[in-house]
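Let me begin by presenting the structure, written as structure tokens, before commenting on it.
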Amino acid sequence: TLDSSTSLRIAVQKSGRLTDKTLNLLEGIGLKFDDYKRSLLVKCRNFDVELLLIRDDDIPEYVEDGVCDLGFVGANTVAEDEADVTILRGLDYGVCRLSIAAPKAGDIQSAADLNGKRIATSYPVLTRKFLESKGLSADIVTLSGSVEIAPRLEIADVITDLVSTGGTLKANGLQELETIFDSETQLVKTNKPLSEGKQALIEKFLQRIEGYQKAEK
Ligand code: PRT
Ligand code: ZN
5 TLDSSTSLRI AVQKSGRLTD KTLNLLEGIG LKFDDYKRSL LVKCRNFDVE LLLIRDDDIP
65 EYVEDGVCDL GFVGANTVAE DEADVTILRG LDYGVCRLSI AAPKAGDIQS AADLNGKRIA
125 TSYPVLTRKF LESKGLSADI VTLSGSVEIA PRLEIADVIT DLVSTGGTLK ANGLQELETI
185 FDSETQLVKT NKPLSEGKQA LIEKFLQRIE GYQKAEK
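One gets this note's numbering by counting positions in the sequence shown from 1 and adding 4 to each.
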């Protein structure tokens, strides 16, 4: 049963690259919050809304499960999780790309050279889908972080990792070979049933976000 008295719960990254821009956006569309640095669950002062501040990796699942009604999270994270959520819109921050990168002076100069190689990544699902789409076969070594040092440690021949400026790859003697996924922040919605009140509130927010984005351009 639907409980129209509960607040619309929105998942936001607690502390990271998406946090400030997401909170700025929410304030920009008129939501007012008390001090959100102190608590994991923050009530909105002027709407029936609360923010849940969590790790970005947890956001797709929380939204899929209906623990949160909405979430702001990278398209890379949503796609890697293969989360069953609805993407309401893309937002123009947190822009980056998942790319294949190889040691500069090495024998791997393009994606076509990947057959039989080892690829270190924190994105095994997106990497496997890319390999399949190209008919390539390579071993995927899943690492939770510091992927860029894997070739030097001889854990892998190449990597796939998120890139924005390219500075990290350069600093580690790696060159970008090919983009396999373009990413930006997405506003996602649960596919669990929502009360009419929550649906109306989401519609209102979407219109305001659209206005906010136009005003920013
Ligand atoms: O603690 P929590 O789990 O919440 O945070 P996190 O450390 O997992 O994520 P965070 O805050 O680093 O990133 C959150 C999201 O920001 C990512 O999922 C992407 O959607 C987006 N984003 C945008 C990026 C980057 N740009 C980015 N450059 N995420 C990571 N990077 C890293 C990349 O992994 C590499 O280490 O930055 C380095 C490359 O940057 P350049 O500029 O040197 O190319
Ligand atoms: Zn994370």
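Idealized CB from N, CA, C, for every residue including glycine.
- Those residues that have a beta carbon less than 7 Å away from any non-hydrogen atom of the ligand ZN are, in order along the chain, 20, 59, 60, 61.
- For residue 151, there is no enclosing beta strand (DSSP E), since its DSSP letter is neither H nor E.
- Relative to the ligand PRT, the nearest heavy atom lies less than 6 Å away from the CB of residue 168.
- The residues 167, 183, 186, in chain order, have a CB closer than 6 Å to that of residue 101 in the same chain once the five nearest residues on each side in sequence are set aside.
- Ranked by Cα distance from residue 197, the options 89, 94, 220, 158 are led by 89.
- Under a 10 Å Cβ-count criterion, residue 126 is classified as buried, with 16 or more other Cβ atoms of the shown protein chains found around its own Cβ.
- At a cut-off of 6 Å, the beta-carbon of residue 211 does not count as near the ligand PRT: no heavy atom of the ligand is closer than that.
- Residues of the same chain with a CB within less than 6 Å of the CB of residue 193, apart from the 5 flanking positions on each side, are 74, 90, 92 in chain order.
- Residue 197 sits in coil when the DSSP states are folded into three classes, being neither helix nor strand.
- Counting along the chain, residue 20 sits inside no alpha helix (DSSP H), nor does DSSP assign it H or E at all.
- With distances taken between CA atoms, residue 143 lies nearest to 163 out of 188, 153, 150, 163.
- Annotation: residue 81 to residue 37 spans about 26 Å, alpha carbon to alpha carbon.
- Going by beta carbons, residue 35 and residue 48 fall inside the 7 Å limit.
- With the rule of 3 Cβ pairs closer than 8 Å, the stretch 147-163 does not count as touching the stretch 65-73.
- The C-alpha of residue 150 lies about 43 Å from the C-alpha of residue 199.
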